[in-house]
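Chains as they are written, first to last, in our numbering: chain A, 1 to 219; chain B, 1 to 221. All C-beta atoms, glycine included, are put in the ideal place defined by N, C-alpha and C. Note that the coordinates shown come from a computational prediction; the quantities given were computed from them, not determined experimentally.
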Amino acid sequence: MAGIAFPIVENPHAWYEFPFIPGLEENAKIIFFHVPTAWLTVVAFLVSTVYSFKYLRKKNLDDDAKAYSSAQLGMVFCVLATVTGAVWAKFAWGSFWSWDPRQTSIFALLLIYGALFALRSSIESEDKRATLSAVYSLIAFVTVPFFIFIMPRIMKGLHPGSADDTNAGPVVNFKMNSSMLLIFFLSLIGFTILYFWMWRLSYKSIIYRDKLDKKLIRG
Amino acid sequence: MKSKSYSLFLKDYHSELRTRYAINSLAMFIIVAISIIMFAVGQEKVSESLTGGLFWVVIFFTAMSGLSRAFVSEEERGTALTLQLLSAPSTVFSGKLIFNIILVFCMNTIIALLYSALFETFIIRNFSLFILSFVLGNLGLAISSTIIAAIIAKAGAKGTLYPVLSFPILLPLILTSVQLTLFALDGTSIEQAKYELAIVVSYDVIMLTVSYLLFDFIWKD
């Protein structure tokens with residue numbers, strides 16, 4: 001790599017520079033998985049809510065399929081974010097779980113996703129299921145700002161950006177060098193693309209399955 | 001519209017007085033829940049911060065045991081369709097909301113009285129802050145549990161699903177209310193608790209608006 005790059009770039013050694021974030025040391029590398037999964041948990045929930053809203057306006061069952069598959073993916077990313085966060089917390093803060101405001105909010109999101117699936121599985125009728133789960137996800141969505149924006153700023157916490165944080169602000173802007181930032185944003189973009197690709201596959205398969213079922217019933 | 005929702009409330013009130021189902025089961029539930037806590041505590045001396053939390057544990061579970069009645073009873077008796085024909089969705093929601101607010105206030109007043117009688121450490125040092133947070137917390141609890149009750153009534157499984165759906169929605173309210181109750185027990189001034197009070201007020205306003213906007217979709221089949 002350096003051999004190829006050497007003639008072109010002035011200082012190829014800068015590519016290898018990968019300093020530790022002070023206070024986190026080698027643990028910091030998990031940030032490239034933890035932050036994108038947490039970000040996608042919220043994005044998936046947002047997409048799910050947007051399509052729930054669309055369903056309530058147009059009553060098109062395809063929108064419900066999109067909302068549902070996005071919620072499914074959101075649940076997967078939510079579990080991943082919780083697990084990677086807990087592992088990181090064990091090494092950085094000493095315990096797997098300490099009810100830091102952000103841990104509380106990801107736990108609440110996990111509960112919201114769980115409740116949504118419990119609600120969906122309890123209703124037989126297609127239209128009713130779509131309507132009620134859309135309404136529930138909209139109600140749940142308005143509580144999200146409380147968890148994400150208000151709680152961490154009022155309660156004392158361990159994550160960057162908490163009320164008693166003296167380092168001022170997220171790690172991303174202040175303590176990463178350029179090669180770390182590059183990998184961080186590549187990972188963020190990569191995970192986001194992965195999410196949209198999986199979401200497309202998932203909702204298309206749901207829509208096709210429903211169409212096939214209707215065809216089989218009609219004969 | 002105001003008089004219509006009031007007459008809807010009167011209807012619920014009279015049918016409740018006839019059977020006294022919600023009142024009786026709620027009263028018994030409060031006694032059962034508090035006695036379980038008393039047995040679990042035993043001879044231990046409960047710290048002040050723990051009683052504040054336990055106070056909201058009892059409130060949450062009592063609310064979950066009784067507040068879904070408002071809509072579930074309409075579906076059980078098969079009167080939901082008649083109600084749909086007779087009045088606008090927002091009227092129905094207002095009527096049910098008034099009923100649940102009164103139920104929540106009665107229930108939580110009893111719980112607060114029992115707590116201050118039974119737990120030595122449950123001493124309210126800042127009474128006005130306690131009343132303020134109590135009223136705001138009760139309103140939020142009534143609003144959220146009424147709209148979730150409407151969803152539950154339309155869904156199949158009624159019993160176990162109710163606390164599952166309500167808990168994540170109520171979590172911001174409960175967390176802040178526990179904090180406010182602790183402040184009231186500590187004797188913190190209202191000025192120092194203004195952020196927490198602002199959160200509860202905004203929660204109440206947001207949930208009320210969203211409930212009125214979304215109730216139409218739940219109510220119309």
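Environment of residue i [buried if 16+ CB atoms lie within 10 Å]
i: residue 127 of chain B; result: exposed
i: residue 211 of chain A; result: exposed
i: residue 191 of chain B; result: exposed
i: residue 57 of chain B; result: exposed
i: residue 197 of chain A; result: exposed
i: residue 218 of chain A; result: exposed
i: residue 28 of chain B; result: exposed
i: residue 89 of chain A; result: buried
i: residue 219 of chain B; result: buried
i: residue 18 of chain B; result: exposed
i: residue 14 of chain B; result: exposed
i: residue 97 of chain B; result: buried
Neighbour flag for residue i against chain B, beta carbons, 8 Å
i: residue 61 of chain A; result: no
i: residue 84 of chain A; result: no
i: residue 124 of chain A; result: yes
i: residue 167 of chain A; result: Low per-residue confidence applies at residue 167 of chain A: pLDDT is 46, beneath 50, and the placement is therefore not dependable, though the value from the model is reported in the following sentence. For residue 167 of chain A, the answer is no, since every Cβ of chain B falls outside 8 Å of its Cβ.
i: residue 68 of chain A; result: no
i: residue 142 of chain A; result: yes
i: residue 195 of chain A; result: no
i: residue 186 of chain A; result: no
i: residue 150 of chain A; result: yes
i: residue 170 of chain A; result: With a pLDDT of 46 at residue 170 of chain A, under the threshold of 50, the predicted position of this residue should be treated as unreliable, though the coordinate-derived value follows. It does not; no Cβ of chain B falls within 8 Å.
Three-way DSSP call (helix, strand, coil) for residue i in this model
i: residue 100 of chain A; result: coil
i: residue 74 of chain B; result: helix
i: residue 221 of chain B; result: coil
i: residue 94 of chain B; result: helix
i: residue 110 of chain A; result: helix
i: residue 124 of chain B; result: coil
i: residue 84 of chain B; result: helix
i: residue 16 of chain B; result: helix
i: residue 196 of chain B; result: helix
i: residue 123 of chain A; result: coil
i: residue 49 of chain B; result: helix
i: residue 233 of chain B; result: There is simply no residue 233 of chain B to check, as chain B begins at 1 and stops at 221 in what is shown.
i: residue 119 of chain B; result: coil
i: residue 80 of chain A; result: helix
i: residue 73 of chain A; result: helix
i: residue 68 of chain B; result: coil
Short CB-CB distance (under 8 Å) between residue i and chain A
i: residue 217 of chain B; result: yes
i: residue 167 of chain B; result: yes
i: residue 6 of chain B; result: no
i: residue 223 of chain B; result: Residue 223 of chain B is absent from the model: chain B starts at 1 and stops at 221.
i: residue 212 of chain B; result: no
i: residue 13 of chain B; result: no
i: residue 230 of chain B; result: Nothing in the structure corresponds to residue 230 of chain B, since chain B is present only between 1 and 221.
i: residue 172 of chain B; result: yes
Limits of the unbroken alpha helix (DSSP H) element including residue i
i: residue 180 of chain B; result: 161-186
i: residue 138 of chain B; result: 127-154
i: residue 79 of chain B; result: It is not in any alpha helix (DSSP H) - residue 79 of chain B carries neither H nor E in the DSSP assignment.
i: residue 45 of chain B; result: Neither: residue 45 of chain B is in no alpha helix (DSSP H) and is coded neither H nor E.
i: residue 196 of chain A; result: 178-218
i: residue 46 of chain A; result: 31-58
i: residue 94 of chain A; result: Careful: residue 94 of chain A lies outside any alpha helix (DSSP H) and carries neither H nor E.
i: residue 126 of chain A; result: 126-145
Cβ shell of residue i (< 7 Å), same chain only, five flanking positions each side left out
i: residue 55 of chain A; result: 63, 64, 67, 130, 134
i: residue 53 of chain B; result: 178
i: residue 4 of chain B; result: 87, 91
i: residue 256 of chain A; result: Not covered by the structure: residue 256 of chain A. The range shown for chain A is 1 to 219.
i: residue 200 of chain A; result: none
i: residue 82 of chain A; result: 106, 110
Own chain partners of residue i with C-beta closer than 8 Å, once the 5 adjacent residues on each side are dropped
i: residue 174 of chain B; result: 56, 60
i: residue 200 of chain B; result: 133, 136, 137, 140, 173, 176, 177, 180
i: residue 173 of chain A; result: Caution is warranted here: a pLDDT of 48 is assigned to residue 173 of chain A, below 50, making its placement in the model unreliable, and no coordinate value can be reported.
i: residue 78 of chain B; result: none
i: residue 87 of chain A; result: 30, 96
i: residue 301 of chain B; result: Residue 301 of chain B lies beyond the residue range present for chain B, which begins at 1 and ends at 221; the question has no answer from this structure.
i: residue 37 of chain B; result: 54, 57, 58
Heavy atom of the ligand HEM within 7 Å of residue i beta-carbon
i: residue 134 of chain B; result: Questions concerning the ligand HEM fall outside what the structure shown contains, since it holds no ligand whatsoever.
Contact set for residue i: own chain, Cβ-Cβ below 6 Å, skip 5 residues either direction
i: residue 147 of chain B; result: 211
i: residue 253 of chain B; result: The question about residue 253 of chain B has no answer, for chain B in this structure spans 1 to 221.
i: residue 71 of chain B; result: 149, 150, 153
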